[in-house]
Amino acid sequence: MRVDEDELIQFLFDKNDFVTAGDAAFALNVSAKTIYRMIKVINAHNENLPIIEVKRNRGLRLNRYYELHQKSYISNLSDQSPIERRNSLMLSLLFKAPFKVSEYHLFKPYFVSHSVIKNDLKIMSNQLQKYELKIDNGDHRLSIIGAEINIRQAINEVLLRMNRFENTLDFTSNSFDLNMYDQKFILSQLGELKSYLGESIPFPYNINIFSHLYILVKRSREGKVLNNGNLHFDEKQRRLIQENIDLYNLAKRIKINIDRYLGTTLDGVESLFLLQYLVSARLSTKSISIKQMPNQVRAISHFYVEQVKAALGREINPIVASDLANHIKPMLNRLQNGIIVKNALLKEIREEYGQLFELICVVSKEVVNKFNLESPISPDENGFIALYFAKFLEMHSELKRIAIVCTTGIGTSQLLQVKIHKEFPEVEIACVTSTANYQEDINKVLPIDLVISTVNFKTSNNIPIVVVSALFTNADRMRVKRKLMDEGF
Amino acid sequence: MINMFTQYILKAQSKRGIYCELGNFLEKKKIISNIWNFIAEVELRDQYGSTNIGNGVAVPHYQTDQIDTSLVIIGVCHDVIDWPTPDSIPIGVILLFIINPHSARNDNFKCLMRNLASKGNLDDLTSVHDKEEFLLRLSETPNYG
Numbered sequence: 027m028r029v030d031e032d033e034l035i036q037f038l039f040d041k042n043d044f045v046t047a048g049d050a051a052f053a054l055n056v057s058a059k060t061i062y063r064m065i066k067v068i069n070a071h072n073e074n075l076p077i078i079e080v081k082r083n084r085g086l087r088l089n090r091y092y093e094l095h096q097k098s099y100i101s102n103l104s105d106q107s108p109i110e111r112r113n114s115l116m117l118s119l120l121f122k123a124p125f126k127v128s129e130y131h132l133f134k135p136y137f138v139s140h141s142v143i144k145n146d147l148k149i150m151s152n153q154l155q156k157y158e159l160k161i162d163n164g165d166h167r168l169s170i171i172g173a174e175i176n177i178r179q180a181i182n183e184v185l186l187r188m189n190r191f192e193n194t195l196d197f198t199s200n201s202f203d204l205n206m207y208d209q210k211f212i213l214s215q216l217g218e219l220k221s222y223l224g225e226s227i228p229f230p231y232n233i234n235i236f237s238h239l240y241i242l243v244k245r246s247r248e249g250k251v252l253n254n255g256n257l258h259f260d261e262k263q264r265r266l267i268q269e270n271i272d273l274y275n276l277a278k279r280i281k282i283n284i285d286r287y288l289g290t291t292l293d294g295v296e297s298l299f300l301l302q303y304l305v306s307a308r309l310s311t312k313s314i315s316i317k318q319m320p321n322q323v324r325a326i327s328h329f330y331v332e333q334v335k336a337a338l339g340r341e342i343n344p345i346v347a348s349d350l351a352n353h354i355k356p357m358l359n360r361l362q363n364g365i366i367v368k369n370a371l372l373k374e375i376r377e378e379y380g381q382l383f384e385l386i387c388v389v390s391k392e393v394v395n396k397f398n399l400e401s402p403i404s405p406d407e408n409g410f411i412a413l414y415f416a417k418f419l420e421m422h423s424e425l426k427r428i429a430i431v432c433t434t435g436i437g438t439s440q441l442l443q444v445k446i447h448k449e450f451p452e453v454e455i456a457c458v459t460s461t462a463n464y465q466e467d468i469n470k471v472l473p474i475d476l477v478i479s480t481v482n483f484k485t486s487n488n489i490p491i492v493v494v495s496a497l498f499t500n501a502d503r504m505r506v507k508r509k510l511m512d513e514g515f
Numbered sequence: 003m004i005n006m007f008t009q010y011i012l013k014a015q016s017k018r019g020i021y022c023e024l025g026n027f028l029e030k031k032k033i034i035s036n037i038w039n040f041i042a043e044v045e046l047r048d049q050y051g052s053t054n055i056g057n058g059v060a061v062p063h064y065q066t067d068q069i070d071t072s073l074v075i076i077g078v079c080h081d082v083i084d085w086p087t088p089d090s091i092p093i094g095v096i097l098l099f100i101i102n103p104h105s106a107r108n109d110n111f112k113c114l115m116r117n118l119a120s121k122g123n124l125d126d127l128t129s130v131h132d133k134e135e136f137l138l139r140l141s142e143t144p145n146y147g
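Taken in sequence, the protein lines are chains A and B.
Start counting at 1 in the first sequence, then tack on 26, and there's your number in our numbering.
Start counting at 1 in the second sequence, then tack on 2, and there's your number in our numbering.
The structure is reproduced here in structure tokens:
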């Protein structure tokens, strides 16, 4: 497993104090030498102020000054990367499409050589192929050519990749190039949607709509949105409008507002685009029982529940299927319309519920095949689905039985008993014993799910063991938590 | 009832030095017969896992059946000891547990350890002056048994 520098920084940030390199290495599952190598890399970014302090006999600690400025530091780091540069370049081209931009002016701020420019263009072309877009490079003037809907999709995905839409408040920061008027206008439109719907649009769908409107405003101003002239909807789109006539009228209102704001007349299809976003958001007033759901939604929800049930060998309450259906319905809309939703918790979900997440990914693949879905279900969507099951499993987890062991059964194990009882009130401490008496005592209290010990030794009956320090630090707590979750499967 | 000795003040500045000092004391009191066996055993236990329980307190332990009942020796360090601690508070108090695994009073020890884990009990343990005060401090919290 490759551990990146961010993880070390996060670990030290959590610790908030000196940690020995050995402890850090143990927690991150790498060697102490790797830790030192990482420190060297991290500290090389700032010559004046080491980000990680290393003190003899005490260990490593995150510099307190750095902690205060953590966020800005990380973004500075990524700004330097070629991937970031290409994303920014691609964005400015996409927004200006189909207008041409001179290659010289576009690349000037980055101070890169001709070969780098050539390489960047090649990589960008490859990335844009996915959206059926082409970079036209005649006479060193660049422009992107393709259908408007594909351009929008590409912009949306690049923006998501750049992590710009964490929350609508991000736009108030100076680092973002959205002007104050646009920002206020878009927020006012979200406010209008809220007052008509009688509820706020839940996260992360509010971000989706914000970014959609932002792209629309910026595209209309910088580039040229090709106008189809006559409005023609296909069968599917007409049905969508009929089913959600109220939302469609609302979308039309917003479109007219935007027309007025920009002083132009946007294509009528914009109302449909916005409608697609609205039906893809999980609005709670729309929460209906599973029986009223379309057949496909019902079938998919049940399929997920059945598969997870079979894989875990555990009974799962039908309520999960019903909850899930309320997510699946807008999700199918999103897949159909190529709307991407970003899951800000994805990393945490992967860490905390790794096995469950993997399972959901596998089931999702089956779902796509079985139900002939138009596009694959993204990891972000899988993360959301995993959360529905994780919530249920946590609420209905079986009582875990653990044994606590140290060399004497009197010393550190007794101390741990109190700490574990406080941290994990849901586990049952079946026995506290010494390594010498382990075998004898454990047989009396079987089954045991997990052994927590301050010393390493070989357990019998394949019972997993977590070795922790007598201090029971945050890292220890996390390891125990992770192990307890893993054993749930 | 817990058998307890207080040994003020440990002058050594290293972990090994502290163990030597405690070993000498135990040898004089005829609790152990061979100081080197004692040091090797305690250090071996430390290698398995740290006995540092935070807030400047360490609880090394030594198992023997040469004593009738388990006992604890309290040592307060005079200087900062060369002893790495994850919570960066230097070790100030050593509670050395001499444990006979078959002693009838071991339950009292378990109780003592559990009380040590209670919040606040480890704070300022260095400021405790004698064993009565020490015992009083540790009996303030309810039993977790």
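C-beta: ideal position from N, C-alpha, C; glycine also.
Owing to the predicted nature of the structure, the values given are computational and were not obtained by experimental measurement.
Could you list which residues in chain A have their beta carbon closer than 7 Å to that of residue i, in chain order?
i, result
"Asn108 of chain B", "Ile436"
"Arg18 of chain B", "Near Arg18 of chain B there are no residues of chain A at all, since even the closest Cβ is about 15 Å away, more than 7 Å."
"Ser52 of chain B", "Ser495 and Ala496"
"Gln65 of chain B", "Thr434"
"Phe111 of chain B", "Ile436"
"Phe40 of chain B", "By Cβ distance, chain A contributes nothing, its closest Cβ being about 15 Å from Phe40 of chain B, past 7 Å."
Whole-angstrom Cβ separation of residue i and residue j, contact assumed at under 8 Å?
i, j, result
"Phe111 of chain B", "Ser72 of chain B", "6 Å"
"Phe410 of chain A", "His353 of chain A", "6 Å"
"Asn395 of chain A", "Gln302 of chain A", "Between Gln302 of chain A and Asn395 of chain A the Cβ distance is about 25 Å, and since that is not below 8 Å, they are no contact."
"Ile20 of chain B", "Glu29 of chain B", "Actually they are not in contact, since the Cβ atoms of Ile20 of chain B and Glu29 of chain B sit about 15 Å apart, beyond 8 Å."
"Leu12 of chain B", "Gly58 of chain B", "Between Gly58 of chain B and Leu12 of chain B the Cβ distance is about 13 Å, and since that is not below 8 Å, they are no contact."
"Gly56 of chain B", "Val481 of chain A", "Rounded, the Cβ-Cβ distance is 18 Å, inconsistent with contact."
"Lys126 of chain A", "Leu168 of chain A", "7 Å"
"Ala307 of chain A", "Pro228 of chain A", "7 Å"
Run through DSSP, which three-state label would residue i get?
i, result
"Val394 of chain A", "helix"
"Ala337 of chain A", "helix"
"His104 of chain B", "coil"
"Gln65 of chain B", "strand"
"Thr499 of chain A", "coil"
"Arg264 of chain A", "helix"
"Asn163 of chain A", "strand"
"Gly48 of chain A", "helix"
"Glu158 of chain A", "coil"
"Asp285 of chain A", "helix"
"Phe99 of chain B", "strand"
"Leu38 of chain A", "helix"
"Asp84 of chain B", "strand"
"Ile342 of chain A", "coil"
"Thr60 of chain A", "helix"
"Ser486 of chain A", "coil"
"Ser72 of chain B", "coil"
Mind pulling the chain A residues with CB within less than 9 Å of residue i?
i, result
"Asn26 of chain B", "Neighbours of Asn26 of chain B on chain A: none; closest Cβ ~22 Å, over 9 Å."
"Leu118 of chain B", "Gln440, Leu441 and Val444"
"Asp89 of chain B", "Asp43, Phe44, Leu497 and Thr499"
"Val61 of chain B", "Gly437, Thr438, Leu441 and Ala496"
Kindly list, in the order they appear in chain B, the residues whose Cβ is closer than 9 Å to that of residue i.
i, result
"Thr485 of chain A", "Residues of chain B passing the Cβ test: none, with the nearest at roughly 15 Å."
"Arg84 of chain A", "Pro86, Thr87 and Ser90"
Buried or exposed: where does residue i fall if 16 or more other Cβ atoms within 10 Å of its Cβ makes it buried?
i, result
"His238 of chain A", "buried"
"Gly289 of chain A", "exposed"
"Ser101 of chain A", "With a pLDDT of only 41 at Ser101 of chain A, under 50, the local geometry of the prediction cannot be trusted, and no value is derived from it."
"Ser479 of chain A", "buried"
"Val45 of chain A", "buried"
"Glu407 of chain A", "buried"
"Gly224 of chain A", "exposed"
"Phe197 of chain A", "Note that Phe197 of chain A has pLDDT 46, beneath the 50 cutoff, so the model's placement of it is unreliable and the number below is only indicative. So Phe197 of chain A counts as buried."
"Asp146 of chain A", "buried"
"Lys97 of chain A", "Unreliable positioning characterises Lys97 of chain A in this predicted model, as indicated by a pLDDT of 44, which lies under 50. The coordinate reading is nonetheless provided below. Lys97 of chain A comes out exposed."
"Asp49 of chain A", "buried"
"Arg47 of chain B", "buried"
"Thr459 of chain A", "buried"
"Gln465 of chain A", "exposed"
Is there at least one non-hydrogen atom of the ligand MG closer than 7 Å to the beta-carbon of residue i?
i, result
"Glu384 of chain A", "Only the bare structure without any ligand can be found here, which leaves the ligand MG out of the picture."
Which bits of chain B does residue i rub up against, with CB to CB less than 8 Å?
i, result
"Asp49 of chain A", "Pro88"
Along chain B, in chain order, which residues have C-beta atoms closer than 7 Å to that of residue i?
i, result
"Val481 of chain A", "Tyr50 and Gly51"
**Report entry** Those runs of the alpha helix (DSSP H) which lie wholly inside the stretch 359-423 of chain A and span at least 4 residues
**Finding:** When DSSP assignments are scanned along the stretch 359-423 of chain A, the uninterrupted stretches of alpha helix (DSSP H) that are 4 or more residues long and fall wholly within it turn out to be 372-378, 380-396 and 405-421.
Query - Complete runs of the beta strand (DSSP E) confined to the stretch 26-65 of chain B [at least 3 residues] - result: 54-56 and 63-65
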